[in-house]
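Scroll down for the structure; my scribbles are underneath it.
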Amino acid sequence: MSDRNQWKHDPRQVLRAGAGFDVRSFDRGGTPGWSRDRATGEAAMVERGADLSELQERLYADGRTGGTRSVLLVLQGLDTAGKGGIVRHVAGMVDPQGLALASFGVPTAEERTHHYLWRIERRLPPAGRIGVFDRSHYEDVLVVRVDSLVPEAVWRPRFDEINAWERRLVDGGTTVIKIALMVSYAEQGERLMERLDRPDKHWKFSMGDVTTRSKWSAYQEAYAEMFGRTSTEHAPWYVVPADKKWYARLAVTEILTRTMEDLDLGWPAATFDVVQARAALQATMVRPPA
Ligand code: AMP
Ligand code: MG
């Protein structure tokens, strides 16, 4: 494994939303835990990506041999926060066969006839996989709250419900890592403007993005309460400053890699006699069968 000690502090400690975490004073342009420069960070990310790739293969092998473990990376963040970039640049460093990607948009007519966790459960990663959620059940306490899609008496109990649901998930062998990418108001404005400046980005823009941006304060408040209520021991939130894309990607890579290192996954032992198998194969090496 390559050197993880380039980090001054464990990003899982410095980015974790613990008691007293204040999202309003949170510096979205910072690089907590990382005091080196961007180029060093980009090189470190590539190295850790190789470690991550091997860990993913171990997890996959475990799943193929009866193991029940899986990993779920939940990505939340407003438009332009960089969720797609994490999928491409972080998840993109491992074998796509080991991933289970899901993105959650406005619920479909069918989804609306079910409990809000129904569509989430259907996309949970099977054993051996790393699931990546681009948005998640947390939209049901974020956009749903900000846009008053259901009354408070309906969304407020969801905090406890989500905590209990994630508890069961973790007890079933899924390691849950929740990442919130937080951009500053100014940076979000620039990223949205870039979508208008560049014809190759027009497809990413929607007028709804401007409407969402106009509710900035309400979203900050919704995120703040979400962190306070759902950053649990079993499924903590990591709040990642997202104005510097290179840092956000580096930090998520490191959080994911360290978490998977802690799973302590070995390679599955052979379920056959290796010596005997080698002898049987050796006997075929002389010439093709007649
Ligand atoms: P995008 O990620 O740009 O494809 O946008 C997806 C949109 O779906 C966002 O505007 C979300 O706010 C919205 N969305 C996701 N989940 C829900 C939900 N449960 N209820 C309402 N809107 C949602
Ligand atoms: Mg969008």
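First residue of the sequence shown? That's 13 in our numbering, and the numbers climb one at a time after it. Where is the CB? At the ideal position from N, CA and C, for every residue including glycine.
Where residue i falls: helix, strand or coil (DSSP)
| i | result |
| --- | --- |
| R180 | helix |
| K213 | helix |
| K190 | strand |
| R28 | strand |
| S229 | helix |
| Y150 | helix |
| F33 | coil |
| P169 | coil |
| L268 | helix |
| G41 | coil |
| F145 | strand |
| A247 | coil |
| V286 | helix |
| V58 | helix |
| M13 | Confidence at M13 is low in this model, with a pLDDT of 48, below 50, so its placement is unreliable and no value can be given for it. |
| Q88 | strand |
| S65 | helix |
| P301 | coil |
Closest by C-alpha distance to residue i, when choosing among the options
| i | options | result |
| --- | --- | --- |
| E151 | P211, R131, R290 | R131 |
| F217 | E202, A230, Y231 | E202 |
| G78 | R290, T283, A289, L111 | T283 |
| A176 | K95, Q68, R241 | R241 |
| L208 | V222, D22, R270 | V222 |
| G117 | R299, L154, Q68, G61 | L154 |
| R24 | I189, E133, H101 | I189 |
| M219 | R48, A62, E233, L204 | L204 |
| G278 | L71, N17, Q18, D22 | L71 |
| E237 | V26, A31, N17 | A31 |
| T52 | K95, Q18, L27 | Q18 |
| H127 | F38, G110, H149, P108 | H149 |
| R147 | R16, E199, V99 | V99 |
| R180 | E133, K213, S115, A93 | E133 |
Cβ separation of residue i and residue j, assumed to be a contact under 8 Å, to the nearest whole Å
| i | j | result |
| --- | --- | --- |
| E173 | A247 | About 13 Å separates the two Cβ atoms, so there is no contact after all. |
| Y259 | L90 | Not really, about 17 Å apart at Cβ, beyond 8 Å. |
| S196 | R40 | 4 Å |
| V252 | A289 | With a Cβ gap of about 47 Å, V252 and A289 do not count as contacting. |
| A139 | P280 | That belief does not hold up - the Cβ atoms of A139 and P280 are roughly 13 Å apart, past 8 Å. |
| K227 | V158 | 5 Å |
Other residues of its chain near residue i: CB distance less than 6 Å, five sequence neighbours each side excluded
| i | result |
| --- | --- |
| A112 | P137, R141, G143 |
| Y235 | V35 |
| T43 | Y259 |
| T80 | A139, G185 |
| V298 | none |
| V102 | R261, V264, T265 |
| V83 | I142, T187 |
Near the ligand PLP: residue i beta-carbon under 7 Å from a heavy atom
| i | result |
| --- | --- |
| R28 | Absent from the structure shown: the ligand PLP. Ligands present: the ligand AMP and the ligand MG. |
7 Å CB neighbourhood of residue i in its chain, flanking five on each side removed
| i | result |
| --- | --- |
| R50 | W258 |
| T269 | R60, D63, L64, L67 |
| E273 | L67 |
| M57 | R261, L262, T265 |
| L129 | H149, W177 |
Own chain partners of residue i with C-beta closer than 8 Å, once the 5 adjacent residues on each side are dropped
| i | result |
| --- | --- |
| K20 | G45, W46, S47 |
| F33 | F239, G240, S243, V251 |
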